[in-house]
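Residue numbers (my numbering), protein chains in the order written: chain A, 1 to 103; chain B, 1 to 156.
Cβ coordinates follow ideal geometry from the N, Cα and C atoms, glycine included.
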Amino acid sequence: MADPMRIRAVSKDGIVNVKVLMSHEMETGQRKDGSGKIVPAHFIQNVTATHNGKTVLSAQWGPAVSKNPFLEFNFKGGQKGERIAVTWTDNKGDKRTDEAAIN
Amino acid sequence: MDRNRREVMKAGGGAALFAVLAAAGLIRPGEALANGWNKAAFEGKTMPEALKALGAANPANSTDITMKAPDIAENGAVVPVGVESKIAGTESIAIFVDKNPSPLAASFDIPSGTEPSVTTRVKMGQTSDVYAVVKANGKFFIAKKEIKVTLGGCGG
Chain A
1 MADPMRIRAV SKDGIVNVKV LMSHEMETGQ RKDGSGKIVP AHFIQNVTAT
51 HNGKTVLSAQ WGPAVSKNPF LEFNFKGGQK GERIAVTWTD NKGDKRTDEA
101 AIN
Chain B
1 MDRNRREVMK AGGGAALFAV LAAAGLIRPG EALANGWNKA AFEGKTMPEA
51 LKALGAANPA NSTDITMKAP DIAENGAVVP VGVESKIAGT ESIAIFVDKN
101 PSPLAASFDI PSGTEPSVTT RVKMGQTSDV YAVVKANGKF FIAKKEIKVT
151 LGGCGG
């Protein structure tokens, strides 16, 4: 299982700013290792952020998203103390969900 | 259309949400795919191919899309790209790097209540035009910015 995500959600003037840093190789499938063999693609394909059970952002990613992906977005309606959850799924079916409280 | 369907599948809201969206005319029932990832779009080798797979064959140029990205990226492996749309009713934002082996880097679905503004970091193999494609009210809009890369981020 991959390392936890770092999620920061800050509420200001009714808008919650969310920053997420994920830990993932994001291997493109185009790189060769020392012996000349292609390193198989391994990257996050789907990302979903939810707040109170409502999806506030969903994304589809290709291998061109950088290693240890960063994501920032803003949504309305979040209150301090409420929680936001972020889930990613990669092309090998690995999955990870992390939560953070809104500050 | 593709993207709405997939959002529904992913959202985990299940049948209820699906029914709501179907009723709203956003999706046609029976068209949902099990896989919430647009393989054809992500594996398209050229911009037109990827745009077509996304259902956005002929996007209109728009000055209401703002791209926040450096003019020159020293490291192509980590190029910050932010896209903000001022187009009312923005439903999705996609980021394309024209000269990457597969141009489509990321696409985001923007539910109501979420601001049409996202930032992420992408890899760039070489100096290229980077495009933001925005879907709003069923129509597609596009903006571009050239980013010069001094050190490529794809391949060995």
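Note to self: Can you look up B:A50 in the DSSP assignment and give me helix, strand or coil?
What the structure shows: Reduced to three states, the DSSP call for B:A50 is helix.
Note to self: Going by the DSSP bridge assignment, what does A:S58 pair with across the sheet?
What the structure shows: A:T48, B:D109
Note to self: Residues in the same chain with beta-carbon distance under 6 angstroms from A:D3, minus the five sequence neighbours each way, listed in chain order, please.
What the structure shows: S23
Notebook entry, point to check: Count the other CB atoms within 10 Å of the CB of A:D13; is the residue buried (16 or more) or exposed (fewer)?
Noted result: When all chains shown are included, A:D13 counts as exposed.
Next item on the list: Select from the segment 36 to 56 of chain B all residues with a C-beta closer than 7 angstroms to any C-beta belonging to chain A, and list them in chain order.
Entry: G36, W37, N38, F42
Next item on the list: Would you list the one or two residues that DSSP bridges to B:F42?
Entry: According to DSSP, which records beta bridges pairwise, B:F42 is partnered with nothing at all.
Notebook entry, point to check: Once you ignore the five residues that flank B:K99 on each side, which residues in its own chain have a CB closer than 7 angstroms to its CB?
Noted result: Contacts found: G125, Q126, S128.
Margin query: Can you confirm whether B:K139, when its beta carbon is compared against all beta carbons of chain A, has any partner nearer than 8 angstroms?
Written below: no
Checklist line | Beta-carbon separation (whole angstroms), A:N74 vs B:E115, contact threshold 8 angstroms | finding: About 4 angstroms separates the two Cβ atoms, so the contact holds.
Notebook entry, point to check: Between A:G14 and chain B, is there a C-beta pair that is closer than 8 angstroms?
Noted result: Nearest CB-CB separation between A:G14 and chain B: not below the 8 angstroms threshold.
Check: When you compare only the Cα positions, how much space is there between B:A132 and B:A77?
Finding: Each residue's Cα considered, the two are about 19 angstroms apart.
Next item on the list: Can you give me the start and stop residues for the beta strand (DSSP E) that A:N74 sits inside?
Entry: 70 to 76
Check: Across which residues does DSSP place B:I72 in a beta bridge pair?
Finding: B:K148
Check: The beta strand (DSSP E) with A:T104 in it runs from where to where?
Finding: With chain A covering 1 to 103 only, the question about residue 104 of chain A has no answer from this structure.
Check: Is B:K135 close to chain A, meaning its C-beta is less than 8 angstroms from at least one C-beta of that chain?
Finding: no
Next item on the list: Leaving aside the five residues before and after B:A94 along the sequence, list all residues of the same chain whose C-beta is less than 6 angstroms from its C-beta, in chain order.
Entry: S107, V133
Notebook entry, point to check: What's the call for B:A60, buried or exposed, on a 16-neighbour Cβ count within 10 Å?
Noted result: exposed
Next item on the list: Confirm the yes/no value for this check: CB of A:P63, any heavy atom of the ligand COA, distance under 7 angstroms.
Entry: Among the ligands in the structure shown, none appear at all, so the ligand COA cannot be discussed.
Check: Checking contacts by CB at 8 angstroms: is B:A69 closer than that to chain A?
Finding: no
Check: For B:T150, which residues from the same chain have a beta carbon less than 6 angstroms from its beta carbon, with the 5 sequence-adjacent residues on both sides left out?
Finding: E74
Notebook entry, point to check: Does any CB atom of chain A fall closer than 8 angstroms to the CB of B:K123?
Noted result: Yes, B:K123 counts as interfacial toward chain A.
Notebook entry, point to check: Quick one: is B:N169 buried, meaning 16 or more other Cβ sit within 10 Å of its Cβ, or exposed?
Noted result: With chain B covering only 1 through 156, there is no way to say anything about residue 169 of chain B.
Check: When Cβ atoms are compared, which residues of the segment 54 to 72 of chain A fall closer than 9 angstroms to chain B?
Finding: K54, T55, V56, L57, S58, A59, Q60, W61, G62, P63, A64, V65, S66, K67, N68, P69, F70, L71, E72
Next item on the list: Note down, one range per segment and in chain order, each beta strand (DSSP E) of at least 3 residues found wholly within the segment 75 to 103 of chain B.
Entry: 79 to 85, 90 to 97
Item checked: B:V97: contacting residues in chain A (beta-carbon distance under 8 angstroms) -> A64
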